[in-house]
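Novice:
Protein chains: 2
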Amino acid sequence: MALGKNYEGQDCSLAKALEVVGERWTLLVIRDAMYGVRRYGDFLAHLDIPRAVLSQRLTALVAAGILDKRRYQESPPREEYVLTPMGRELWVPLLALAQWGGRHLAEAGPCRLFFHQTCGTLLDQVSFCSHCGVRVPVEDAEVRPGPGLKGVRGDQVSRALEEPHQMLDLIP
Amino acid sequence: MALGKNYEGQDCSLAKALEVVGERWTLLVIRDAMYGVRRYGDFLAHLDIPRAVLSQRLTALVAAGILDKRRYQESPPREEYVLTPMGRELWVPLLALAQWGGRHLAEAGPCRLFFHQTCGTLLDQVSFCSHCGVRVPVEDAEVRPGPGLKGVRGDQVSRALEEPHQMLDLIP
DNA sequence: CTAGCACGGTTCATTCAATGAACTAAAGTG
DNA sequence: CACTTTAGTTCATTGAATGAACCGTGCTAG
Chain A
532 MALGKNYEGQ DCSLAKALEV VGERWTLLVI RDAMYGVRRY GDFLAHLDIP RAVLSQRLTA
592 LVAAGILDKR RYQESPPREE YVLTPMGREL WVPLLALAQW GGRHLAEAGP CRLFFHQTCG
652 TLLDQVSFCS HCGVRVPVED AEVRPGPGLK GVRGDQVSRA LEEPHQMLDL IP
Chain B
532 MALGKNYEGQ DCSLAKALEV VGERWTLLVI RDAMYGVRRY GDFLAHLDIP RAVLSQRLTA
592 LVAAGILDKR RYQESPPREE YVLTPMGREL WVPLLALAQW GGRHLAEAGP CRLFFHQTCG
652 TLLDQVSFCS HCGVRVPVED AEVRPGPGLK GVRGDQVSRA LEEPHQMLDL IP
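Residue numbers (the working numbering), protein chains in the order written: chain A, 532 to 703; chain B, 532 to 703.
1) Quick one: residues in its chain with C-beta nearer than 6 Å to the C-beta of residue 599 (chain B), no 5 flanking neighbours on either side, listed in chain order?
2) By alpha-carbon positions, which one of B:689, B:618, B:659, B:657 ends up nearest to residue 552 (chain B)?
3) Spatial neighbours of residue 642 (chain A) within its chain, please: CB distance less than 7 Å, with the 5 preceding and 5 following residues excluded, ordered by chain position.
4) Determine which residues of the region 632–659 of chain B have a Cβ less than 8 Å from any Cβ of chain A, and write them out in chain order.
5) Where does residue 687 (chain B) sit, in a helix, a strand or coil, going by DSSP?
6) If contacts are defined as beta-carbon pairs under 8 Å, then residue 633 (chain B) and residue 658 (chain A) qualify, I think. What distance do you get, rounded to the angstrom?
7) Do you know offhand how far residue 572 (chain B)'s Cα is from residue 581 (chain B)'s?
8) Would you say residue 663 (chain A) reaches chain B, if we count a Cβ-Cβ gap shorter than 9 Å as a contact?
9) What residues in its chain sit with their C-beta under 6 Å from that of residue 660 (chain B), if we drop five residues either side in the sequence?
10) Looking at the unbroken beta strand (DSSP E) that takes in residue 600 (chain B), where does it start and where does it end?
11) The beta strand (DSSP E) spanning residue 577 (chain A) covers which residue range?
12) Cα-Cα, which of B:558, B:576, B:557 is closest to residue 689 (chain B)?
13) Three Cβ pairs or more, each shorter than 8 Å: is that satisfied between the region 581–594 of chain B and the region 557–566 of chain B?
14) My output table needs one value for residue 635 (chain A): the three-state DSSP class, helix, strand or coil.
15) Grab the span of the alpha helix (DSSP H) containing residue 612 (chain B) for me, first residue to last.
16) Residues bridged to residue 697 (chain B) by DSSP?
17) Leaving out five residues on either side along the sequence, give the residues of the same chain with a beta carbon under 8 Å from the beta carbon of residue 682 (chain A).
18) Can you tell which of A:636, A:621, A:644, A:635 has its C-alpha closest to the C-alpha of residue 635 (chain B)?
19) DSSP three-state label for residue 533 (chain B), please.
20) For residue 689 (chain A) and chain B, any beta-carbon pair shorter than 9 Å?
21) Within the same chain, show all residues whose beta-carbon is closer than 8 Å to that of residue 596 (chain A), passing over the 5 residues directly before and after it, in chain order.
22) I'd like the list of long-range same chain contacts for residue 696 (chain A), defined as Cβ closer than 6 Å, with 5 residues on each side in sequence excluded.
23) Between residue 626 (chain B) and residue 654 (chain B), how many whole angstroms is the CB-CB distance? I'm expecting something under 8 Å.
24) So, does the CB of residue 555 (chain A) fall closer than 9 Å to a CB anywhere in chain B?
25) Judging by CA-CA distance, which residue of B:567, B:588, B:566 is the nearest neighbour of residue 550 (chain B)?
26) Could you pull the start and end residues of the alpha helix (DSSP H) that residue 680 (chain B) belongs to?
27) Using a C-beta cutoff of 9 Å, does residue 611 (chain B) count as contacting chain A?
28) Below 7 Å CB to CB, which residues in the same chain sit around residue 623 (chain A) once its five sequence neighbours on both sides are set aside?
Shown next, in the form of C-alpha cells:
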C-alpha cells in the first residue's frame, strides 16, 4: 500500500492504529461516516476520491471492524456502510486532529464546529463537554458550519452539512 | 506526494491537518520527536524509514512549523529537530489515536503507557488527568513500557524507551 | 598528513499504489 | 425495450516509496 502496511516492526499502538486508518483517504472516509454518509455514491461525491480507492478503503475498513456493511433495502439490493462501536470511538482522535487543524491551519477559523447536543456547549477541548463535565460520544454531538466554511462544494452531502446536523444521522 | 496534497477541495479542518501530518511516516516521526528523538540518525534507526523519505518529511515538517531545525553544536556542525509549540499540541490527537489502537488492536495490551508526571496517574482518557482534573501537556507526561511491549528492537531509541522516560527529554 | 569514520544527507533504478477514464452488471422505470 | 441508478471493476498512466549506493564535511587515530 501507500500508507499503512509495514509498520509491524514498530511495537507501538500508534503504528498499529496507523496500519488501519493511516492510509490516504481513510480518515476522511471515517469522518464522512460520522457525518452520516453511508452510501458508496455519497462518499464518492463528497470526497472526490477515485472509485477504485474508495472501494478498496471501504472493504479494508469493513475487514478491520471499523465499518459494518449491511443491506438496507432489497429490490434493488442496496448496501450501506455504518460505523461500528469501534469505529465510533475514532471520534476522539479525529475531533482532536480537526481541532488542531482548525487552530493552526485555518486562517478563517474552523470550517465546522461541534456541540454537545443535549446542552448546546461548544466542544473545543477534544470531546469533553466543559458544561456537563462528561465525555461526549459522537452520537451526542452536533455539527454546525464554522466561520471558515466556504461552502464551495455543490454535492448533496456538502449542502446538507451547511445546516446543523446531528452526527451519525443519515444524510438526506 | 503520496498522501497530503489534493485535499484542498475539502473545506474541512481535518483535511487541512491531514495535508500536513497525513502522509505515510509523518505521525511516527512526530511521535518519536515527542519521545525525545531529535537527530536524523536516531529517527532513521528507530523507524526503519528510507533515508530519502525521512529527509523529505523532516523538511516538510519544518516548513509546516511543526518542527524546528536548530544547530546544537558547532564543530562538527550538527542540527537537531525539536517540536515547536504547534507540534507539541499534536500530543492530544496522537495520544488519542494511540489509545484507540491500544484498546482495539493490541491483543497483549498497549505497548506503552503514559502517566501524568507530577502525580503519577495513568492517562487513559485522552490527555486528561482524572486525578488532578487538568489537561496534561506532553512536557508533563512520562512514558513507561506497557504490557504489550515486546522489546524486539535493538536500536538505541528502543532500548532507552524500555525504561520510564519523560516526554520530550532527549534520548541518550 | 593521511586513512578512516561518523553524521547527514542526495541520487537513482525499481516497485507499488493512486489516479481517472472507461467499462460492467444488476435491478428498476417509463 | 431503451434508459437510468447504483455500485462496483479494469486498465493504462502518473507519481511516490523503497533501498542500495554514493557524496561531503569535519573529527580522530596512527
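Even for Gly, the Cβ is constructed at its ideal location relative to N, Cα and C.
Specialist: By the coordinates alone:
1) If we look at residue 599 (chain B) and ignore the five residues flanking it on each side, its Cβ neighbours are 613, 615.
2) When only C-alpha atoms are compared, the closest one is B:618.
3) Excluding its 5 nearest sequence neighbours in each direction, residue 642 (chain A) has C-beta neighbours in its own chain below 7 Å: 677, 679, 680, listed in chain order.
4) Cβ contacts with chain A: 632, 633, 634, 635, 636, 637, 641, 642, 643, 656, 657, 658, 659.
5) Three-state result, residue 687 (chain B): helix.
6) About 17 Å; that fails the 8 Å criterion.
7) Between residue 572 (chain B) and residue 581 (chain B), the C-alpha separation is close to 11 Å.
8) With 9 Å as the cut-off, residue 663 (chain A) does not count as an interface residue toward chain B.
9) Take residue 660 (chain B), set aside five residues on each side of it, and the residues of its chain with a beta-carbon closer than 6 Å to its own are 647, 652, 667, in chain order.
10) The continuous beta strand (DSSP E) containing residue 600 (chain B) extends over residues 598–604.
11) Per DSSP, residue 577 (chain A) is not a residue of any beta strand (DSSP E); the alpha helix (DSSP H) it occupies stretches across 571–578.
12) Nearest C-alpha to residue 689 (chain B): B:576.
13) Note that the region 581–594 of chain B touches the region 557–566 of chain B; at least 3 beta-carbon pairs, one per stretch, sit closer than 8 Å.
14) If DSSP states are grouped into helix, strand and coil, residue 635 (chain A) belongs with the helices.
15) For residue 612 (chain B), there is no enclosing alpha helix (DSSP H); the residue is found in the beta strand (DSSP E) stretching over 609–614.
16) Answer is B:673, bridged to residue 697 (chain B).
17) Taken in chain order, the residues that qualify are 676, 689, 693.
18) The option with the nearest alpha carbon to residue 635 (chain B) is A:621.
19) With a pLDDT of 31 at residue 533 (chain B), under the threshold of 50, the predicted position of this residue should be treated as unreliable, though the coordinate-derived value follows. It is coil, neither helix nor strand.
20) Using a CB distance cut-off of 9 Å, residue 689 (chain A) counts as an interface residue toward chain B.
21) Listed in chain order, the non-local C-beta contacts of residue 596 (chain A) below 8 Å within the same chain comprise 615, 617, 618, local neighbours out to five positions each way being set aside.
22) In its chain, beyond the 5 residues on either side, 674 have a beta carbon closer than 6 Å to the beta carbon of residue 696 (chain A).
23) Between residue 654 (chain B) and residue 626 (chain B) the Cβ distance is about 7 Å, and since that is below 8 Å, they are a contact.
24) Yes, its Cβ sits closer than 9 Å to a Cβ of chain B.
25) Answer by Cα proximity: B:588.
26) Per DSSP, residue 680 (chain B) lies in no alpha helix (DSSP H) segment and is marked neither H nor E.
27) Not an interface residue.
28) Once the five neighbours on either side are set aside, the close Cβ partners of residue 623 (chain A) are 657, 658.
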